[in-house]
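Trainee: Here the protein sequences come in this chain order: A and B. Residue numbers for the first sequence follow this note's numbering, beginning at 342 and rising by one. Residue numbers for the second sequence follow this note's numbering, beginning at 342 and rising by one. Using N, Cα and C, we set each Cβ at its ideal position, and we do this for glycine too. Note that the coordinates shown come from a computational prediction; the quantities given were computed from them, not determined experimentally. My questions will all concern the structure given below.
2 protein chains.
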Amino acid sequence: MKWMHVTYRIAASADDIDARAEALAREQSVECPAAAVRDVRVREAVMGKVIAIGPDGPDHFRACIALALETVGDDAGQLLNMLFGNASLQPDVSVLDVAWPDGLPDLPGPRFGVAGVRERLGVPRGAITCTALKPVGSSVAALAALAGQQARAGFHLIKDDHGLADPVSAPFAERVPAIQAAVDAANRDTGGRCVYAPNLSGGPRAVQGQLAICRSAGVGAVMLCPLVLGVSQVVELVRDELDVPVLAHPALGGGLRIDPALLFGTLFRLIGADMVIFPNHGGRFSYDVASCQQIAAALSMPLGKHAPALPVPAGGMTPERVGEMCASYGEDVVLLVGGALLAAQDPARAMRGFVEAVAAEGVKHG
Amino acid sequence: MKWMHVTYRIAASADDIDARAEALAREQSVECPAAAVRDVRVREAVMGKVIAIGPDGPDHFRACIALALETVGDDAGQLLNMLFGNASLQPDVSVLDVAWPDGLPDLPGPRFGVAGVRERLGVPRGAITCTALKPVGSSVAALAALAGQQARAGFHLIKDDHGLADPVSAPFAERVPAIQAAVDAANRDTGGRCVYAPNLSGGPRAVQGQLAICRSAGVGAVMLCPLVLGVSQVVELVRDELDVPVLAHPALGGGLRIDPALLFGTLFRLIGADMVIFPNHGGRFSYDVASCQQIAAALSMPLGKHAPALPVPAGGMTPERVGEMCASYGEDVVLLVGGALLAAQDPARAMRGFVEAVAAEGVKHG
């Protein structure tokens, strides 16, 4: 019998917590009263078990619940489902952490990881610089021109905004080859190795079409939103299709009541993200310093056979924060700055300034 | 220019709400400061616009924001993304409602709807009865025997638990033909038309394999979890693959801070759900009466060209609640009871009792 140990935070009184935790253990496994579980094997080897309960502030408890790995198999969607599928509908519960005493579910993990991404991007040391193509609504020509400007400014990585899917103003099939060509042209001029990561989106057939366009254009990375595409689709792509690094975007993930370090750190890494975007503290989003550090830690801490992935703290970052962010995250980080550069009076100069500031930090800490 | 009008609930002070709503309008469209939007067309036709702001309780406001339909296209994932992708990461915001003054995005809606499901199940009037195959961990033989018992008891619809994916104890490829055969045998004996809805799960390749098994076994409906599979995958299935009704499960949806009537009512209906499971009030989940009524209303209210879908209030329902639920939801409802029947001393008798109670309500109200 193999189990995963899931720590839930539950709002309950001291009188109720034992029964509440037992109910949660059943909810996330057999989905019925214990009396309905007549098969001894199911009762012993599959029904969730409360392992420990401890206090966690006023009227809150932490309950560690063992869930059978056999209910998960090797499917990431089913992993999310067993962790929190039904319990997401019970507002008194959130998921804090998972431990894997009997081994991890069979998921691919990062195909490239920190070392593979560094090799692809030609950045052996120091922080990796990334910027975004925006705003949605721009023409293909405008986005390609912007990408060329960004590549010439020295960015290592350029990604689509996650709002750039397949709009009439810049259809994927026209946009991606044009942007890749602009980046290629800039690379030829500068001798750089800037990589463009288009945003995959839509149903599986749409994504397959986009992948063919990416291959044909010689794209060197992709971005995707695992919680919009479905984590199981991402796993199939990583296992069977993609031969470039994956940049994962956290869209839709903020409300899930799954701890950010577990969701964006451990789970995104397990499904194969090489780089994970998350809202840095002090930007447009509200994650605090500790949460951000925990996400970054979850991306690099030992996790079975899996390579470490790169944190991409983002969301309203500015060039002024380069020093602080390099000091905070260390050199294995992707610094993503988008809108702040585009809003500058002289965007090209702001881009160069950002890239130079990151390079200077690398020398300082190197 | 075509827009959708999204109503967000925002925690903010009266001094801050104007700036906060403006920032949200940009976040869910151009994702950058207004100063970075230099293209006049993008500024006028794509950048989100605050339409109205009103109070909504202490330190909370409702902001109606216009978002350009051209950023959504015909992709359901992108619709979720533009509604709430980034804003999900901002805990001061939730989504309450969407209005479509310029028309709906091009999504399939229910292929069968209330009338089509009734025809398929052979239930022209009255509440439809549904039960679940559980617990996960059971053998194929045990699940098939249970399905036969349920079909003989007179249930119109039998569904897999959403935790029953593709476990070693009952692999999809063995389970589905065996259960369908058991239901077919019972139908031959009873003259009934009970339909089995297996649970589709996993990545697109896995789902395609499961669909082939369903077709070969003559399955008459499917269940799926749109927020686990990815809504875009569901739309492709409904548009191009499925010729049976779709039962949608709300797994993972509870934490999203999207109003349940919008998410499980309008959005699940738009992507093609013919029947939508949601947590009924008074069960294991915490939705109140008003929320449940609003979900049911959203499934049947006028919505472009789309057929109405059936509400499936569920989650710890008991036979004793049949009368109340029939009175509350009217006859266009699927009454789903699972664990309570299996936990009874004599499950077969409890099943028959439930089916008879629903039939008696039909006569009473008919």
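Measuring CB to CB, does residue 680(B) end up less than 8 Å from residue 374(A)?
Mentor: To locate residue 680(B), count along the second sequence from 1; it is residue 339. To locate residue 374(A), count along the first sequence from 1; it is residue 33. In contact: residue 680(B) and residue 374(A) (Cβ atoms closer than 8 Å).
Trainee: Run through DSSP, which three-state label would residue 659(A) get?
Mentor: Counted from its first residue, the first sequence places residue 659(A) at position 318. Looking at residue 659(A) - three-state DSSP - the assignment turns out to be coil, as it is neither helix nor strand.
Trainee: Can the beta-carbon of residue 650(A) be found closer than 8 Å to that of residue 395(A)?
Mentor: For this step, residue 650(A) is matched to residue 309 along the first sequence. For this step, residue 395(A) is matched to residue 54 along the first sequence. Not closer than 8 Å, so no.
Trainee: Comparing alpha-carbon positions, which option in 486(B), 617(B) and 372(B) lies nearest residue 586(B)?
Mentor: Position 245 of the second sequence holds residue 586(B). Residue 586(B) has its Cα closest to that of 617(B), out of 486(B), 617(B) and 372(B).
Trainee: Is the region 472 to 487 of chain A close to the region 510 to 520 of chain A, with three or more CB pairs under 8 Å?
Mentor: As far as the Cβ criterion goes, the region 472 to 487 of chain A touches the region 510 to 520 of chain A, which means the pair count is three or higher.
Trainee: Applying the 10 Å Cβ sphere with the 16-neighbour rule, what's the burial state of residue 362(B)?
Mentor: Residue numbering aside, residue 362(B) sits at position 21 when the second sequence is read from its first letter. Buried, by the Cβ-count rule.
Trainee: With distances taken between CB atoms, is the gap from residue 693(A) to residue 494(A) smaller than 8 Å?
Mentor: The residue labelled residue 693(A) in the question sits at position 352 within the first sequence. The residue labelled residue 494(A) in the question sits at position 153 within the first sequence. Their beta carbons are under 8 Å apart, which means residue 693(A) touches residue 494(A) by this criterion.
Trainee: Going by DSSP, what residues sit across from residue 441(A) in a beta bridge?
Mentor: Counting from one through the first sequence, the residue named residue 441(A) turns up at place 100. Paired residue(s): none; residue 441(A) is not in a bridge.
Trainee: Taking DSSP as the reference, what is the three-state secondary structure of residue 452(B)?
Mentor: In the second sequence, the residue the question calls residue 452(B) occupies position 111. Per DSSP, reduced to three states, the secondary structure at residue 452(B) is coil, with no helix or strand assignment.
Trainee: Determine whether the beta carbon atoms of residue 654(A) and residue 633(A) lie at a separation below 8 Å.
Mentor: Within the first sequence, residue 654(A) is the residue found at index 313, counting from 1. Within the first sequence, residue 633(A) is the residue found at index 292, counting from 1. The answer is yes: Cβ separation under 8 Å.
Trainee: Can you tell which of 409(A), 555(A), 391(A) and 429(A) has the C-alpha that lies nearest to the C-alpha of residue 656(B)?
Mentor: Stepping through the second sequence from its first residue, residue 656(B) is reached at position 315. Checking every option, the nearest Cα to that of residue 656(B) belongs to 429(A).
Trainee: Quick check on residue 546(A) - is its C-beta less than 8 Å from some C-beta in chain B?
Mentor: Within the first sequence, residue 546(A) is the residue found at index 205, counting from 1. Closer than 8 Å: yes.
Trainee: How would you label residue 556(A), buried or exposed, when you count the other beta carbons within 10 angstroms and need 16 or more for buried?
Mentor: As a position in the first sequence, residue 556(A) is number 215, starting the count at 1. Classification for residue 556(A): exposed.
Trainee: What residues in the region 486 to 505 of chain A bring their beta carbon closer than 7 Å to a beta carbon of chain D?
Mentor: This model lacks chain D altogether; the protein chains it does include are A and B.
Trainee: Quick check on this structure: which residue in 397(B), 444(B), 472(B) and 370(B) has the alpha carbon closest to the alpha carbon of residue 678(B)?
Mentor: Working through the second sequence from its first residue, we reach residue 678(B) at position 337. Per the Cα distances, 472(B).
Trainee: Taking CB distances under 8 Å as the criterion, tell me whether residue 390(B) reaches chain A.
Mentor: Taking the second sequence and counting its residues from 1, the one referred to as residue 390(B) is at position 49. Residue 390(B) does not count as touching chain A.
Trainee: Using DSSP with H/G/I as helix, E/B as strand and the rest coil, what is residue 471(A)?
Mentor: The sequence position of residue 471(A) within the first sequence is 130, counting from 1. Reduced to three states, the DSSP call for residue 471(A) is strand.
Trainee: Quick check: is the beta carbon of residue 425(B) nearer than 8 Å to any beta carbon in chain A?
Mentor: Here the question's residue 425(B) lines up with position 84 in the second sequence. Taking Cβ atoms only, chain A reaches closer than 8 Å to residue 425(B), which makes this a yes.
Trainee: Closest by CA to residue 639(A), which one among 598(A), 670(A), 497(A) and 357(A)?
Mentor: As a first step, residue 639(A) is located in the first sequence; it is residue number 298 there, counting from the start. When each option's Cα is compared against that of residue 639(A), the closest is 670(A).
Trainee: Starting from the beta carbon of residue 596(A), find every residue of chain B whose beta carbon is closer than 7 Å, and list them in chain order.
Mentor: Within the first sequence, the letter at position 255 stands for residue 596(A). The answer, in chain order, is 429, 596, 597 and 598.
Trainee: Check whether the Cβ of residue 557(B) lies closer than 8 Å to any Cβ atom in chain A.
Mentor: Residue mapping note: residue 557(B) aligns to position 216 of the second sequence, counting from 1. Chain A, which has no Cβ nearer than 8 Å to the Cβ of residue 557(B), makes this no.
Trainee: Give the secondary structure of residue 364(A) by DSSP, where H, G and I count as helix, E and B as strand, and everything else as coil.
Mentor: Counting from 1 along the first sequence, the entry for residue 364(A) is found at position 23. Correct three-state label for residue 364(A): helix.
Trainee: For residue 400(A) versus residue 370(A), is the C-beta distance shorter than 8 Å?
Mentor: Numbered from its first residue, the first sequence carries residue 400(A) at position 59. Numbered from its first residue, the first sequence carries residue 370(A) at position 29. It is not a contact, given that the beta carbons lie outside the stated cut-off.
Trainee: Once DSSP output is grouped into helix, strand and coil, what is the label at residue 612(A)?
Mentor: If you number the first sequence from 1, residue 612(A) lands on position 271. Three-state result, residue 612(A): coil.
Trainee: Taking 6 Å as the limit between beta carbons, can you name the residues of its chain near residue 703(A), skipping five residues before and five after?
Mentor: In the first sequence, counting from the first residue as 1, residue 703(A) sits at position 362. Excluding residues up to 5 positions away in sequence, 467 lie with their Cβ nearer than 6 Å to the Cβ of residue 703(A) in the same chain.
Trainee: What is the residue span of the beta strand (DSSP E) that residue 345(B) lies within?
Mentor: Stepping through the second sequence from its first residue, residue 345(B) is reached at position 4. Per DSSP, residue 345(B) belongs to the beta strand (DSSP E) from 344 to 352.
Trainee: Just how far apart, CA to CA, sit residue 628(A) and residue 621(A)?
Mentor: Working through the first sequence from its first residue, we reach residue 628(A) at position 287. Working through the first sequence from its first residue, we reach residue 621(A) at position 280. So the two alpha carbons sit approximately 6 Å from each other.
Trainee: When DSSP labels each residue in this structure, what does residue 540(A) get in the three-state scheme?
Mentor: Translated into the one-based positions of the first sequence, residue 540(A) becomes position 199. In this structure, residue 540(A) counts as strand in the three-state DSSP scheme.
Trainee: Give the interface partners of residue 419(B) over in chain A, defined as CB-CB distance under 9 Å, in chain order.
Mentor: Against the second sequence, residue 419(B) aligns to sequence position 78. The answer, in chain order, is 504, 506, 507, 508, 542, 543 and 569.
Trainee: With a cut-off of 8 Å, does the C-beta of residue 574(A) fall near any C-beta of chain B?
Mentor: For the purposes of this step, residue 574(A) is taken as the residue at position 233 of the first sequence. Closer than 8 Å to some Cβ of chain B, the Cβ of residue 574(A) qualifies, so yes.
Trainee: Hey, how far is the Cα of residue 490(A) from the Cα of residue 470(A)?
Mentor: Taking the first residue of the first sequence as 1, we reach residue 490(A) at position 149. Taking the first residue of the first sequence as 1, we reach residue 470(A) at position 129. For residue 490(A) and residue 470(A), the distance between alpha carbons rounds to 14 Å.
Trainee: Taking a contact to mean a Cβ-Cβ separation below 8 Å, would you say residue 539(A) touches residue 563(A) in this structure?
Mentor: Stepping through the first sequence from its first residue, residue 539(A) is reached at position 198. Stepping through the first sequence from its first residue, residue 563(A) is reached at position 222. For residue 539(A) and residue 563(A), yes; Cβs fall inside 8 Å.
Trainee: Can the beta-carbon of residue 446(A) be found closer than 8 Å to that of residue 410(A)?
Mentor: On the first sequence, position 105 is the one that residue 446(A) refers to. On the first sequence, position 69 is the one that residue 410(A) refers to. Yes; because the gap between Cβ atoms is below 8 Å, this pair is in contact.
Trainee: By DSSP, does residue 500(A) sit in helix, in strand, or in coil?
Mentor: For the purposes of this step, residue 500(A) is identified with residue 159 of the first sequence, where counting begins at 1. The answer is strand: DSSP assigns residue 500(A) an E or B state.
Trainee: Return the CA-CA distance between residue 312(B) and residue 597(B), expressed in angstroms with no decimal places.
Mentor: Residue 312(B) is absent from the structure shown; chain B starts at 342 and stops at 707.
Trainee: Output needed for residue 592(B): all residues of its chain with C-beta closer than 6 Å, excluding positions within five of it in sequence on either side, in chain order.
Mentor: Residue numbering aside, residue 592(B) sits at position 251 when the second sequence is read from its first letter. The residues are 503, 566 and 569.
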